[in-house]
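Visitor: Sharing a structure below in structure tokens format, with a few things to ask.
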Amino acid sequence: MNASVGPQLLYVVAGEASGDARGAELLHALRQQLPELQIRGAGGAKMEALANGPFLEWSGEAVVGLWDVLKKYGYFRAQMDRMLAEIEECRPDVLLLIDYPGFNLRLAKAAKERLPNLQTIFYISPQVWAWNRGRIPKMARYLDLMLCIFPFEKALYEASGLKTEFVGHPMLDSLAPLKTNAPRSENLVGLFPGSRDREVRRLFPVMLEAARLLSARVPGLRFEAPAANTRVAAWMLEHMKNSHFDPAFCRIGLDRFYPLAQEATVGMVCSGTATLEAAYFGLPMLITYKVAALTWLAGRILVRIPFLGMPNVLAGEQIVPELLQGAASPRKLASTLQRLLENPEARSAQQVRFTSVIRGLGSPGAGVRAAAEVAAVLANCHAN
């Protein structure tokens, strides 16, 4: 695609901080294979450190729900127009999109329309199998390669004519060094309300009230909630103060997700990647989630799978209780967690199933395998 005779050019785009981390792993491996490769695009600081061309830092732009999307539409439209102009101007050999499907799928489609010979690769496959499988054949028209992280996705995408490779889950690489195998604290309960501001503001108050109920029923419990950053931690502490909680009732730990997932006996976990990470560390848990009513209604219409939590999706059955939207009340959360807390056999049964689920994700090295796939596409571009 790139008209110059010099080094090949990769244009890469990631959205949130998690995509930046996954993208950096891939780019680091790709740099080792192709040290002369030119890299530019948009993402976070980790990816920017591996680029050697113009790079837009924007990985903090997280959105949750329909209202967030509508509120920030003008911003995202402007960023997409900017990226499309850059792609048309620099004419990369490959466009690599990492996660962030709401934005990146639209970018891939628009870029392919402008540059039909552009090779487009999507890493960390969007979970359209959950809400709109009919979209996959359309994706096959503007994506040349899908790199998926769940084993069952390969057949789903390939059935629609989209070339797909299963590279494994990048979580296996990032979490392995953090595993301690330390014994759990019998009276410690973890509250995991998510990392995004809107998630935390919806879930932490409910989890905190559930903890209050639980502490009255089971004396001697300790509670802790991890905060993704200082801003979130400050909001959580302020909420506790305004809700007349003793600051000592629930410890707010900065960047304490992974240690707490290994120290707590049980946990309430916000649906999302956190549930799979908690399963990796063997944390007996319940899964919960709350969104705006309009977003929930749209989800009920669109979602075509029986479970929301990935441990349940991957197991093909409910191995973890899910308390969602209206069912995510303090009373129901407290009662469900109390049953798990008082039943060692139920906790052990979850942990056994978690081991099987995680084993099904393949072996470490997802970033390296994904980089090899990108390098192969680049090599084919060069040959042609």
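Residue numbers (this note's numbering): 65 to 448. Idealized CB from N, CA, C, for every residue including glycine. Just so you know, these numbers come straight off a predicted model, no measurement behind them.
#1: For Lys354, count neighbouring C-beta atoms within 10 Å of its own C-beta (all shown protein chains included) and say buried if the count is 16 or more, exposed if not.
#2: Buried or exposed: where does Gln96 fall if 16 or more other Cβ atoms within 10 Å of its Cβ makes it buried?
#3: Pairs of beta-carbons, one from the region 92-107 and one from the region 419-436, closer than 8 Å: are there three or more?
#4: Below 8 Å, how does it come out for the region 226-246 and the region 204-216: are there three or more Cβ pairs, yes or no?
#5: What separation, rounded to the nearest whole angstrom, lies between the Cα atoms of Glu406 and Pro283?
#6: In whole angstroms, what separates the C-alpha of Leu350 from that of Leu387?
#7: Less than 9 Å between the beta carbons of Pro394 and Leu277, yes or no?
#8: If you run the structure through DSSP and keep just helix, strand and coil, what is Gln72?
#9: Within 10 angstroms of its Cβ, does Phe313 collect 16 or more other Cβ (buried), or is it exposed?
#10: For Ala67, count neighbouring C-beta atoms within 10 Å of its own C-beta (all shown protein chains included) and say buried if the count is 16 or more, exposed if not.
#11: Going by the beta-carbon positions, is the gap between Val333 and Thr352 smaller than 9 Å?
#12: In its own chain, which residues sit with a C-beta less than 6 Å from the C-beta of Tyr187, not counting the 5 before and 5 after it?
#13: Excluding the 5 residues flanking Val377 on each side, which residues of the same chain have their C-beta closer than 7 Å to its C-beta?
#14: Taking Ala343 as the reference, which of Ala413, Gly105, Leu98 has the closest Cα?
#15: Tyr187 bridges to which residues according to DSSP?
#16: Report the three-state DSSP secondary structure of Gly250 (helix, strand or coil).
#17: Within a Cβ cutoff of 6 Å, which residues of the same chain sit near Gly83, ignoring the five residues on either side of it in sequence?
#18: Can the beta-carbon of Leu255 be found closer than 9 Å to that of Phe268?
#19: Within 10 Å of its beta-carbon, does Gly79 have 16 or more other beta-carbons around it, so buried, or fewer, so exposed?
#20: Return helix, strand or coil for Ala67, following the three-state DSSP convention.
#21: So is Arg86 buried or exposed if we call it buried at 16+ other beta carbons inside 10 Å?
#22: Within its chain, find whatever has a CB closer than 7 Å to the CB of Leu318; leave out the 5 residues flanking it on each side and keep chain order.
#23: May I ask which residues mark the beginning and end of the alpha helix (DSSP H) holding Arg86?
#24: If you follow the beta strand (DSSP E) that Gln102 is part of, which residue opens it and which one closes it?
#25: Express the C-alpha separation of Pro190 and Gly166 in angstroms, rounding to a whole number.
#26: Below 9 Å between beta carbons: does that hold for Leu73 and Val270?
#27: Between which two residues does the alpha helix (DSSP H) holding Phe119 run?
#28: Using only alpha-carbon positions, find the residue among Trp193, Tyr206, Arg199 that is nearest to Lys218.
#29: Suppose the cutoff is 8 Å on Cβ atoms and the five residues either side in sequence are ignored; what does the same chain contact list for Arg320 look like?
#30: Mind reading off the beta-carbon distance from Gly373 to Ser335? Whole number of angstroms is fine, and I expect it under 8 Å.
#31: Determine the direct distance from the alpha carbon of Leu442 to that of Gln143, and round the result to whole angstroms.
#32: Just confirm the distance between the C-beta atoms of Leu159 and Ile151, as a whole number of angstroms; I'd bet it's less than 8 Å.
#33: Roughly how many whole angstroms lie between the Cα atoms of Ser279 and Asp310?
#34: How is Leu242 classed by DSSP in three states: helix, strand or coil?
#35: Gly108 and Trp122 - do their beta-carbons sit closer together than 9 Å?
Guide: In short:
#1: buried
#2: Looking at its Cβ environment, which holds fewer than 16 other Cβ atoms inside 10 Å, Gln96 is exposed.
#3: yes
#4: yes
#5: 12 Å
#6: 7 Å
#7: yes
#8: coil
#9: Of the other Cβ atoms in all chains shown, fewer than 16 fall within 10 Å of the Cβ of Phe313; this residue is therefore exposed.
#10: With a pLDDT of only 46 at Ala67, under 50, the local geometry of the prediction cannot be trusted, and no value is derived from it.
#11: yes
#12: Ile162, Leu211, Ala434
#13: Ile369, Phe371
#14: Ala413
#15: Ile162, Leu211
#16: For clarity, residue 250 is Glu in the given sequence; the question names Gly instead. Here Glu250 sits in coil by DSSP.
#17: Ile162, Asp163, Tyr164
#18: yes
#19: The residue in question, Gly79, is buried, as its Cβ has 16 or more Cβ neighbours within 10 Å.
#20: Per-residue confidence for Ala67 stands at a pLDDT of 46, beneath the threshold of 50, marking its modelled position as unreliable; the derived number appears in the next sentence. Of the three classes helix, strand and coil, the one that applies to Ala67 here is coil, per DSSP.
#21: With a threshold of 16 other beta carbon atoms within 10 Å, Arg86 meets it and is buried.
#22: Taken in chain order, the residues that qualify are Ala291, Thr294, Ala297.
#23: Secondary structure note for Arg86: its alpha helix (DSSP H) is the uninterrupted segment 81-97.
#24: 102-107
#25: 9 Å
#26: no
#27: No alpha helix (DSSP H) holds Phe119; the beta strand (DSSP E) holding it covers 119-121.
#28: Trp193
#29: So the list reads Glu288, Pro290, Ala291, once near-sequence residues are dropped.
#30: 6 Å
#31: 26 Å
#32: The Cβ separation is near 7 Å, so the contact holds.
#33: 13 Å
#34: helix
#35: yes
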